[in-house]
Each structure stands twice: as C-alpha cells, then as structure tokens.
Amino acid sequence: MIIVSGWLRVKEGQRQRYLAASRPVIEAARSAPGCVDFHLSADPLEDDRVNVFESWEDVESVERFRGSGPSDDQQGDIVGAQVHQHHVASSIPLS
C-alpha cells in the first residue's frame, strides 16, 4: 500500500478556488484503478493550507494516475508544499 500525505500552501485568499478547481482531479483519482482514497481538504487552523491524503494499492497505480502533476493554473496557486509518499508494509484497522 502507498500513502501520500502532507500539505500545500496556496496564495492568500485562493484556497477555496483551489479546492473547487481540484474537484475534477479528486473525482478522477477516486475512480482510477488502484485508488483506495484521495482527499484534499481545507485546514481548520491555517487559512492558506490544504491537507493532502491519498491511499493507493501500489506504486504503479500512483504513477499511472499522477502523470505530470497539477495543471499549470493549479500549480500557480501553490506557494509551498510538503508532501511525502510512504510505502506501507502492513496495517491494522482501528475501528
């Protein structure tokens, strides 16, 4: 399993626009082969932060979907990021 997690910083006042523009990407990801979950969300404490969480069956699925990354328009709104890809060997349900 692959987990992609972290955060993005967007230009001041642009977070809602960024998230709205991301909706088609989220929908495409969630219907992509190998996607377990894909989520971008507004951080409740920081007005310019978008939290990132993705879960994939394998690295091939991530790479097949990711392609070239965010569109130029979306990339222009991002002013900082810290996102990592994690390779998970095992997990257990907590609920």
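Going by this note's numbering, the first residue of the sequence shown is number 967, and it counts up by one from there. Using N, Cα and C, we set each Cβ at its ideal position, and we do this for glycine too.
Runs of beta strand (DSSP E) with 3 or more residues, each lying fully within the stretch 970 to 1037, are found at 1001 to 1008, 1015 to 1022, listed in chain order.
CA-to-CA, the gap between P999 and S1057 works out to about 21 Å. The criterion of a C-beta distance shorter than 8 Å is satisfied by R975 and I1044. Judged by beta-carbon spacing, Q1040 lies beyond the 8 Å limit of A986, meaning their Cβ atoms are not closer than that value. Per DSSP, the continuous beta strand (DSSP E) segment holding I1044 begins and ends at 1044 to 1053. Under DSSP, I968 takes part in a beta bridge, and its partners are W1022, H1053.
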